[in-house]
DNA sequence: CACTGTGAATGCATTCACAGCG
DNA sequence: CGCTGTGAATGCATTCACAGTG
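Chains as they are written, first to last, in the working numbering: chain A, 40 to 262; chain B, 40 to 262.
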């Protein structure tokens with residue numbers, strides 16, 4: 040039966056395996072749409088977004104198509120609507136996510152104060168440190184608690200995401216405590232791979248590693 | 040001419056298009072090898088590395104094979120030798136990279152103090168801020184200078200990599216000044232896409248975006 | 001007409017599977 | 001043997017190219 044199979048015309052928009060790189064780009068689109076919205080622009084084309092983000096227009100359309108159909112033929116995408124839809128897809132629409140910080144050192148303190156988190160719907164509710172000298176200190180409306188209390192505090196404050204900014208050697212222990220406390224995801228700044236149950240999502244940001252990926256390219260092609 | 044083209048049998052080990060994801064993994068291997076070295080382990084197999092880093096053994100071997108042949112059949116890789124070789128590939132062997140920081144706010148100060156940078160061969164030589172109140176302040180052996188002096192300071196200190204920790208609206212301007220000063224790469228913490236000449240490598244780390252990629256997964260499958 | 005949404009084609013990255021070596 | 005190094009196979013992600021739509 041070598042006939043051309045009839046189009047299944049399935050009620051797509053359901054579930055396709057969304058590439059991880061696409062998820063990252065959703066945030067880019069959101070940022071750009073937010074700016075357009077502030078500037079009062081009402082419609083934007085995939086071509087325009089692509090140009091401003093260093094992508095191809097096909098890529099933009101493909102990325103969005105994983106989640107449904109938002110565009111209007113001949114006009115493009117309605118800025119406000121798409122922006123709101125992306126916020127909802129990324130889970131940052133109409134809610135706040137609770138964070139717990141472990142490690143109130145230089146980096147930890149900076150994260151507590153980071154405006155970008157608050158602006159985008161993330162709020163620290165808990166901060167702990169192993170150094171007794173820091174306990175009781177108030178930073179950004181949060182009182183630093185003892186590291187030993189991390190599991191209980193995590194649970195009692197309904198923490199969604201744990202943020203780890205402790206030395207490498209202490210990170211795995213802290214990770215375990217956060218998992219005990221019921222976090223569903225962890226953002227880790229310690230330079231180690233963390234072991235966690237697979238229903239807990241872990242993302243590691245190793246700052247020195249970011250620099251190493253730059254130097255790799257610098258020592259190769261001088262261009 | 041539907042013949043099978045003859046194998047070119049090129050003198051490999053030269054240049055193959057190294058996947059960007061592989062570059063990231065080289066840093067992981069380095070970290071792991073460093074630990075093994077401290078523990079006095081002399082040989083390690085691709086299997087062992089893979090297990091500890093959440094990869095497959097084939098992946099490890101393939102990654103390393105982009106840069107030559109380091110292993111011994113039946114024994115694995117000599118820890119010290121491979122570690123040193125990776126340091127050299129990533130450009131962090133026997134040299135220090137000079138950094139300039141723009142933006143001495145919470146995040147900027149934390150980066151200046153970040154031990155991980157120093158340990159892995161990165162050293163801040165210059166720090167500037169737009170706030171006159173901060174100029175002259177000393178942080179970690181560095182005196183904060185006026186933002187206006189960024190291009191000259193970048194050049195006079197032979198800065199290799201610029202680090203941007205200023206608000207989004209100021210980032211593009213700072214980027215341009217760093218390029219003027221002759222940096223070859225930029226690590227950007229401002230939540231904007233930077234425009235730079237293509238011979239200047241830019242890497243952006245948007246902290247809130249890291250959280251968004253976590254929440255995306257949290258709001259979808261509960262698992 | 002300008003633009004979206006998407007099958008099909010292409011191009012990368014990962015994995016398989018095994019020849020070859022110490 | 002055990003383990004590397006690597007062609008070939010597979011599996012993903014991106015791009016092409018165009019039918020379809022307001």
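Using N, Cα and C, we set each Cβ at its ideal position, and we do this for glycine too.
Item: Rounding to the nearest angstrom, what Cα-Cα distance links residue 118 of chain B and residue 154 of chain B in this structure?; Value: 24 Å
Item: Scan the region 70-123 of chain B and note each continuous alpha helix (DSSP H) run of 4 residues or more that stays entirely inside, going in chain order.; Value: 85-92, 96-104
Item: Which of the three DSSP states is assigned to residue 152 of chain A in this structure?; Value: helix
Item: Who are the Cβ neighbours of residue 80 of chain A in its own chain at under 6 Å, not counting the five residues just before and after it?; Value: 118
Item: Whole angstroms are fine: how far does the CA of residue 108 of chain B sit from the CA of residue 167 of chain B?; Value: 44 Å
Item: Would you list the one or two residues that DSSP bridges to residue 231 of chain B?; Value: Beta-bridge pairing links residue 231 of chain B to no other residue.
Item: With a Cβ-Cβ cutoff of 8 Å, do residue 227 of chain B and residue 242 of chain B count as a contact?; Value: yes
Item: Looking at C-alpha atoms only, which residue of A/170, A/198, A/182 is the closest neighbour of residue 162 of chain A?; Value: A/198
Item: Would you identify the three-state DSSP class for residue 162 of chain B, choosing helix, strand or coil?; Value: strand
Item: For the region 70-83 of chain A, which residues have a beta carbon sitting closer than 8 Å to at least one beta carbon of chain B?; Value: 70
Item: From the DSSP output, in three-state form, read off residue 174 of chain A for me.; Value: coil
Item: Report the rounded CA-to-CA distance for residue 209 of chain A versus residue 202 of chain A, giving the unit in angstroms.; Value: 13 Å
Item: In angstroms, rounded to a whole number, what distance separates the CA positions of residue 125 of chain A and residue 246 of chain B?; Value: 18 Å
Item: Three or more C-beta pairs under 8 Å: does that hold for the region 135-152 of chain A against the region 131-149 of chain B?; Value: yes
Item: Helix, strand or coil: which one does DSSP assign to residue 188 of chain A?; Value: helix
Item: Specify the secondary structure class of residue 147 of chain B as computed by DSSP and reduced to three states.; Value: helix
Item: With distances taken from CA atoms, which of B/121, B/238, B/188, B/179 is nearest residue 75 of chain B?; Value: B/121
Item: For chain B, is any of its Cβ atoms less than 8 Å away from the one on residue 93 of chain A?; Value: yes
Item: I'd like the list of long-range same chain contacts for residue 66 of chain A, defined as Cβ closer than 8 Å, with 5 residues on each side in sequence excluded.; Value: 129
Item: In chain order, what residues of the same chain have a beta carbon less than 6 Å from the beta carbon of residue 187 of chain B, not counting five sequence neighbours either side?; Value: none
Item: Tell me, please, which residues DSSP counts as bridged to residue 137 of chain B.; Value: B/162
Item: Figure out for me which residue from A/106, A/158, A/57, A/61 has the closest Cα to the Cα of residue 73 of chain A.; Value: A/158
Item: Tell me the DSSP secondary structure of residue 208 of chain B in three-state form.; Value: helix
Item: Taking the alpha-carbon positions, what's the residue 64 of chain A to residue 96 of chain A distance?; Value: 13 Å
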